[in-house]
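First the structure, in the form of structure tokens, and then the observations on it.
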Ligand SMILES: [Zn+2]
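Chains as they are written, first to last, in the working numbering: chain A, 1 to 309; chain B, 1 to 155.
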């Protein structure tokens, strides 16, 4: 049992495997084909100090599919923040109200800070440029569901500098022996200290600016959006906007089993004509957010899943 | 102890020795020793020293520095030592003991860290990842600290 989930380092490889196996078992309940009220009477606090649709909704869905309940303290939290309330005071209140809380906050370190303040488990739903471990869990689940394993050729594309999703995912995949290829323009390349860290851990890393030449050997292509707000001015943004795009035609020579992932929302990185190819995994990936979080919540409350581990 | 003659011996108090040259004023600030208290404080700066080339020395009368206070100096004066003086002679000697963690010694050097939030009450915590040279990591955001910039963030 984990007390808090702040970074993926809070989980061992064995625990990750168990979570992914359990997530598989929870698919019928996540789809609503089966009602599995394992968390009846439990209350989750959704503490979003920053807007998020997917993470907040998938936690809410996960909790409710398991018979639990959710309070969205988002509106209240932002109103007390405008009144100058500290994160500490807000979290102390939630600690009294709920059995578990998810926190998203614009400042890095907020999740650890909240975890130190609270007795209930705190799940990091994204802290500034820091970590977003439940996104990593659902990404790992999506990859393993498609390929049955994680020691694959994974190509990550786009904003690798600021994208916390790709940082956490690379660390996690490296732990499971994946080969990683990082494709980005120089201004958005994977931070040197992260590459160093991964290589020290024994990972096989390739760095390139060219997407097309790296398509054929890929088992997984993970596209990300280049965010306009990262750039000081429009000109700088226009230089790199739209440099990596994939359409159906580009996928002629890829491996049959290759899956294309994207944390969404997409802008123009993936053409809609890819959506109905067998490679498109991004909608499944979004759905998997529910099932991965269901497995995590069961794990937190130490609830046995029928047929699970 | 030839250099000690530069300031008069004290009857009771603390002598902080082996402070890196030129940092005595910062050390005073870190020890929260200000001119507003009644204790006499004497400073000697840039004294020639075999060990470090030059060093600063501080004498604080009628105040015995605790080990905890001395440990706050890990960041700027890791080799400092304190002699506790009672009745003109050295009663005790202490050295900076670099602990696993520095609590409320310095603020994180990453400006978007939660500890830079308004009035957040929990302590500033730095995990020591290496003691020589000193390298720190913020307990909350996990960022390695910029050891040049952290001097400006001492509390
Ligand atoms: Zn920090």
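Ideal placement from N, C-alpha and C gives every residue a C-beta, glycine not left out.
Predicted model only: the values in this text are computed from it and were never measured.
Beta-carbon separation (whole angstroms), residue i vs residue j, contact threshold 8 Å
i             : j             : result
residue 153/A : residue 179/A : 5 Å
residue 96/B  : residue 106/B : Actually they do not touch by this definition, with Cβ atoms about 15 Å apart.
residue 183/A : residue 211/A : 5 Å
residue 263/A : residue 165/A : 5 Å
residue 84/A  : residue 104/A : Actually they do not touch by this definition, with Cβ atoms about 20 Å apart.
residue 13/B  : residue 56/B  : Not a contact, Cβ separation roughly 17 Å.
residue 32/A  : residue 65/A  : 7 Å
residue 141/A : residue 292/A : 5 Å
residue 155/B : residue 116/B : About 13 Å; that fails the 8 Å criterion.
residue 63/A  : residue 71/A  : With a Cβ gap of about 10 Å, residue 63/A and residue 71/A do not count as contacting.
residue 241/A : residue 271/A : So it is not a contact: roughly 15 Å between Cβ atoms.
residue 216/A : residue 157/A : In fact, because the Cβ distance is near 15 Å, the residues do not count as touching under 8 Å.
residue 261/A : residue 282/A : 6 Å
residue 123/A : residue 94/A  : Going by Cβ atoms, the distance from residue 123/A to residue 94/A rounds to 12 Å, so no, they are not a contact pair.
residue 127/B : residue 136/B : 7 Å
residue 290/A : residue 58/A  : 5 Å
residue 297/A : residue 279/A : With 8 Å as the limit, residue 297/A and residue 279/A do not qualify as a contact, their Cβ atoms being about 31 Å apart.
Collapsed DSSP secondary structure at residue i in the structure displayed
i             : result
residue 109/A : coil
residue 9/B   : coil
residue 131/A : coil
residue 222/A : strand
residue 5/A   : strand
residue 111/B : coil
residue 254/A : coil
residue 4/B   : Residue placement at residue 4/B is flagged as unreliable, the pLDDT there being 48, under the threshold of 50; the coordinate-derived value follows with that caveat. Helix, per DSSP.
residue 78/B  : coil
residue 98/B  : coil
residue 206/A : strand
residue 120/A : coil
residue 189/A : coil
residue 143/A : helix
residue 312/A : In the structure displayed, chain A extends from 1 to 309; residue 312/A sits before or after that span and is not available.
residue 14/B  : strand
Limits of the beta strand (DSSP E) - the one that residue i falls within
i             : result
residue 28/A  : From DSSP, residue 28/A is part of no beta strand (DSSP E) but of the alpha helix (DSSP H) over 27–31.
residue 288/A : Looking at the DSSP string, residue 288/A is not in any beta strand (DSSP E); the run it does join, the alpha helix (DSSP H), is 282–300.
residue 58/B  : 53–61
residue 44/A  : 43–48
residue 310/A : With chain A running from 1 to 309 in the structure shown, residue 310/A is simply not present.
residue 45/B  : 41–49
residue 72/A  : 69–72
Residue range of the unbroken alpha helix (DSSP H) whose run includes residue i
i             : result
residue 98/A  : Premise fails: residue 98/A is in no alpha helix (DSSP H) and is neither H nor E.
residue 170/A : 164–175
residue 240/A : 234–240
residue 195/A : 192–200
residue 329/A : Examination of residue 329/A is not possible in this model, given that chain A is present from 1 through 309 alone.
residue 27/B  : 24–30
residue 69/B  : 67–71
Residues that residue i bridges to, as DSSP identifies them
i             : result
residue 93/B  : 83/B
residue 138/B : 126/B
residue 263/A : Paired residues: none, contrary to the question.
residue 117/B : Answer by DSSP bridge pairing: none, since residue 117/B is not bridged.
residue 156/A : 182/A, 222/A
residue 106/B : 154/B
residue 19/B  : 56/B
residue 144/B : 137/B
residue 270/A : 246/A
residue 104/A : 48/A
residue 131/B : 134/B
Shell residues, 6 Å Cβ cut-off relative to heavy atoms of ligand 1: Selection output, chain order preserved: 109/A, 108/B, 110/B, 113/B, 115/B, 138/B, 140/B, 141/B, 143/B.
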